[in-house]
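Asker:
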Amino acid sequence: FKRVLSKIETIVREELDAVGYQELFMPAMQPRELWDESGRWERYTTEGILFHMADRKGSEVCLGPTHEEVVTDFVRSRIQSHKQLPIHLYQIQTKFRDEIRPRFGVMRGREFLMKDAYSFDASADAMAASYEVMRGVYERAFSRCGLRFTAVQADSGAIGGSASEEFMVDAESGEDAIAVCRKTGYAANLERATSTIPSSPSAPEKVEMHKEPTPDAKSCDDLVEIFPEIPLARMLKTVLYKVQWPEKEQVIAILCRGDRELNEVKLLNYLDALHLELANEKSVTEITGASPGFAGPIGLPSSVRLLADSSVQGVEGFLCGANETDVHLLDVWFGRDIDQPETLDLGLVQEGDATADGEGTIEITRGIEVGHIFQLGTKYSESMDAVFTDENQDRQPIWMGCYGLGVSRTAAAAVEQGNDDSGMIWPLPIAPYSVALLQLQPGDDVQDNLAQSIYEKLEAAGIDVLWDDRPKLNPGARFKDADLVGIPLRIVVGRNAVDGQVEWSLRSGGDSEVVSGDEAVSRALAAWQESVN
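Just so you know, we're using our numbering here: the sequence shown kicks off at 162 and counts up by one.
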């Protein structure tokens, strides 16, 4: 695995060096003071992401999950004039995040290898240009790694800024859902995606709001059993969240159609809050006077702020909770029984939705995030006073971009994208070895000589070869191990060695062929050249 990481690092370095980025190495341990300047200490500690501690003098430090504060501090102490910009820096270093549920080995661990790069420019246009340059770097780097990937619109999250994109390796086992439209080319992660929501069916007639008993009907599915004539799109859920800001906490109630789901990332961003979580059973009962599952928008305490997802627009004669256990309200109308609450896009897109422009249809696929690029704007430079003097000698904040690429995640994603029942199938450019040279009878002079000749020719051409000449190992075990390791090219030196011939095959599949030793070397060289070009 270390050999794979090294090859990915080499590709990334070559692409960054080619566009003028300079490599540096920043401290993993960072002082709290820098994070207080940016305002991120409280948010990251509230979310539990940050590994932090105090030294023997009581000064608080953290293990860096990212390095925006450190690199901003580095640059602000060295830049005075617009003539010193732009600056483009990167490092490849271990990062630390206290994941709630670390899983998938190196895919989402608490410690991981990452490339983080930063651009510093004198204007928004220059920042956008740096962003586009880095976008090209990522496209070339992941292509050179032999991966199938998609760049998608993304949420900026705790790092902040305006525009951002994620690079997703296509994989059915991926932990991230992606909304795509094959027709229009639209692609966004589910946290950011938007769509056109199908309208709700009209109410058959306008009658008075009234209560109906709904014993133990705590979900929309339960309510459909009781009221099969009412479609899910005319049932409104009232979801209660406890929301935390630096100076206060508040309960927020969100209305959402029964056939849609809420997007907590959109809600957190809209509220510009530190943290939010679903209200627990005790809190729901204290707020509504009812058991969970029976909350509704009518009669909530004045301290509770009511918002609505855009899916509720146009819903007529709907069903909702009555804030009374085992009771729901039917035939509720906005404007008559309740004011239309503030309404905005707080929902998750769904398979089959129309795109926001109405030109295509949303499909949900899965992927693994391996890179994320951001236009930070002046978020960090303003809060940390990283400024320069412009042509008029006026002080201006530096325009920043930041760009993360998970080196260890890229390796893990390659395995998820390339494998079968027998083991891994590494892409040739990042495989630990390019060629598996399997000698079936080590000690046989003819096989020894032919294998040695092939090995030396490949090594001389700069191709990594794993020569399996382990003694007393049957051919089946040798083939099984080679399949498991996933080396993409295979040359077998066996009984045909007496004629100067070997078996040539690809780990990705297909029949093996008997060819001369020189032909096998030529094929390996050609495959390697094709992969790097």
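Beta carbons are placed, not taken as given, at the ideal position from N, Cα and C, and that holds for glycine. The structure displayed is predicted, hence computed values, not measured ones.
1. Anyone know if the C-beta pair for His213 and Glu221 falls short of 8 Å?
2. Taking Leu195 and Glu230 to be in contact with their CB atoms under 8 Å, please state how far apart those CB atoms are, rounded to whole angstroms.
3. Going straight from the alpha carbon of Leu428 to that of Val465, what length do you get?
4. With DSSP as the reference, label Cys417 as helix, strand or coil.
5. Taking Cβ positions, are Ile523 and Glu512 nearer each other than 8 Å?
6. Could you give the distance in angstroms between the alpha-carbon of Thr402 and the alpha-carbon of Leu589?
7. In this structure, how does DSSP classify Thr522 when only helix, strand and coil are distinguished?
8. What separation, rounded to the nearest whole angstrom, lies between the Cα atoms of Val653 and Leu274?
9. Taking only three categories from DSSP, how would you classify Arg309?
10. Mind checking which residues open and close the alpha helix (DSSP H) that includes Ile540?
11. In the DSSP output, which residue or residues are listed as bridge partners for Ser666?
12. Find the nearest neighbour of Val341 within the set Ala324, Ser363, Ala315, judged by alpha-carbon distance.
13. From this set, Leu166, Leu601, Phe549, which residue's C-alpha is nearest Cys306's C-alpha?
14. One question on the structure: do Lys276 and Val568 come within less than 8 Å of each other, judged by their Cβ atoms?
15. Count the other CB atoms, across all protein chains shown, that sit within 10 Å of the CB of Ala285; report buried if there are 16 or more and exposed otherwise.
16. Determine the direct distance from the alpha carbon of Leu211 to that of Asn430, and round the result to whole angstroms.
17. Look at the Cβ atom of Met396, then the Cβ atom of Asp498, and state whether they are nearer than 8 Å.
18. Which of the three DSSP states is assigned to Lys168 in this structure?
19. Identify which residue in Asp178, Ser238, Glu336, Arg217 has its Cα closest to the Cα of Val531.
20. For the beta strand (DSSP E) holding Thr484, just list the boundary residues, first then last.
21. Rounded to whole angstroms, what is the Cα-Cα separation between Leu467 and Leu416?
22. How is Tyr402 classed by DSSP in three states: helix, strand or coil?
23. Could you please give the first and the last residue of the uninterrupted beta strand (DSSP E) stretch that includes Cys563?
24. Leaving aside the five residues before and after Ser661 along the sequence, list all residues of the same chain whose C-beta is less than 7 Å from its C-beta, in chain order.
25. Can you tell me which of Phe257, Asp178, Pro392, Val232 puts its alpha carbon nearest to the alpha carbon of Gly209?
26. Three or more C-beta pairs under 8 Å: does that hold for the region 575–587 against the region 613–632?
Answerer: According to the data block:
1. Indexing the sequence shown from 1 puts residue 213 at position 52. Indexing the sequence shown from 1 puts residue 221 at position 60. Contact flag set, yes.
2. Taking the sequence shown and counting its residues from 1, one reaches residue 195 at position 34. Taking the sequence shown and counting its residues from 1, one reaches residue 230 at position 69. At roughly 4 Å, the Cβ-Cβ gap stays under 8 Å, so Leu195 and Glu230 are in contact.
3. On the sequence shown, residue 428 is found 267 positions in, with the first residue counted as 1. On the sequence shown, residue 465 is found 304 positions in, with the first residue counted as 1. About 15 Å.
4. Indexing the sequence shown from 1 puts residue 417 at position 256. Strand at Cys417.
5. For this step, residue 523 is matched to residue 362 along the sequence shown. For this step, residue 512 is matched to residue 351 along the sequence shown. Result yes, Cβ atoms of Ile523 and Glu512 sit closer than 8 Å.
6. What you label residue 402 is simply residue 241 of the sequence shown in a count that begins at 1. What you label residue 589 is simply residue 428 of the sequence shown in a count that begins at 1. The question names Thr, but residue 402 in the sequence shown is Tyr. If I take the Cα positions, the gap works out to 49 Å.
7. Residue numbering aside, residue 522 sits at position 361 when the sequence shown is read from its first letter. In the structure shown, Thr522 sits in a strand (DSSP, three-state: E or B).
8. For this step, residue 653 is matched to residue 492 along the sequence shown. For this step, residue 274 is matched to residue 113 along the sequence shown. A direct Cα-to-Cα measurement between Val653 and Leu274 gives close to 35 Å.
9. If you number the sequence shown from 1, residue 309 lands on position 148. Note: Arg309 maps to coil in three-state DSSP.
10. Position 379 of the sequence shown holds residue 540. Residue identity check: residue 540 is Lys in the sequence provided, not Ile. For Lys540, the enclosing alpha helix (DSSP H) has its first and last residue at 540–544.
11. Residue numbering aside, residue 666 sits at position 505 when the sequence shown is read from its first letter. In DSSP, Ser666 forms a bridge with Arg651.
12. In the sequence shown, the residue the question calls residue 341 occupies position 180. Put simply, of Ala324, Ser363, Ala315 the residue whose alpha carbon is nearest the alpha carbon of Val341 is Ala315.
13. The count along the sequence shown starts at 1 and reaches residue 306 at position 145. When each option's Cα is compared against that of Cys306, the closest is Leu166.
14. For the purposes of this step, residue 276 is taken as residue 115 along the sequence shown, with counting starting at 1. For the purposes of this step, residue 568 is taken as residue 407 along the sequence shown, with counting starting at 1. Yes; because the gap between Cβ atoms is below 8 Å, this pair is in contact.
15. Mapped onto the sequence shown, residue 285 falls at position 124. Counting the other CB atoms within 10 Å of its CB gives Ala285 a total below 16, which places it among the exposed residues.
16. The residue you call residue 430 lines up with position 269 of the sequence shown. The residue you call residue 211 lines up with position 50 of the sequence shown. Near 20 Å, if we compare the C-alpha coordinates of Leu211 and Asn430.
17. Here residue 396 refers to the residue found at position 235 of the sequence shown. Here residue 498 refers to the residue found at position 337 of the sequence shown. In this structure, Met396 sits away from Asp498, with a CB-CB distance that is not shorter than 8 Å.
18. The sequence position of residue 168 within the sequence shown is 7, counting from 1. Under the three-state reduction of DSSP, Lys168 is assigned to helix.
19. For the purposes of this step, residue 531 is taken as residue 370 along the sequence shown, with counting starting at 1. Per the Cα distances, Glu336.
20. On the sequence shown, residue 484 is found 323 positions in, with the first residue counted as 1. In the sequence as displayed, the identity of residue 484 is Asn instead of Thr. First-last of the beta strand (DSSP E) with Asn484: 479–485.
21. Within the sequence shown, residue 467 is the residue found at index 306, counting from 1. Within the sequence shown, residue 416 is the residue found at index 255, counting from 1. Their backbone Cα atoms lie some 8 Å apart in a straight line.
22. The residue given as residue 402 occupies position 241 in the sequence shown. In this structure, Tyr402 counts as strand in the three-state DSSP scheme.
23. Your numbering for residue 563 matches position 402 in the sequence shown. It spans 560–567 - the beta strand (DSSP E) in which Cys563 sits, taken as one unbroken run.
24. Within the sequence shown, numbered from 1, the residue matching residue 661 stands at position 500. According to the sequence displayed, residue 661 carries Gly and not Ser. In its chain, beyond the 5 residues on either side, Leu611, Ser677, Gly678 have a beta carbon closer than 7 Å to the beta carbon of Gly661.
25. Locating residue 209 in the sequence shown gives position 48, counting from the first residue. Minimum Cα distance to Gly209 is reached at Phe257.
26. Judged by Cβ distances under 8 Å, the region 575–587 makes no contact with the region 613–632, as fewer than three pairs qualify.
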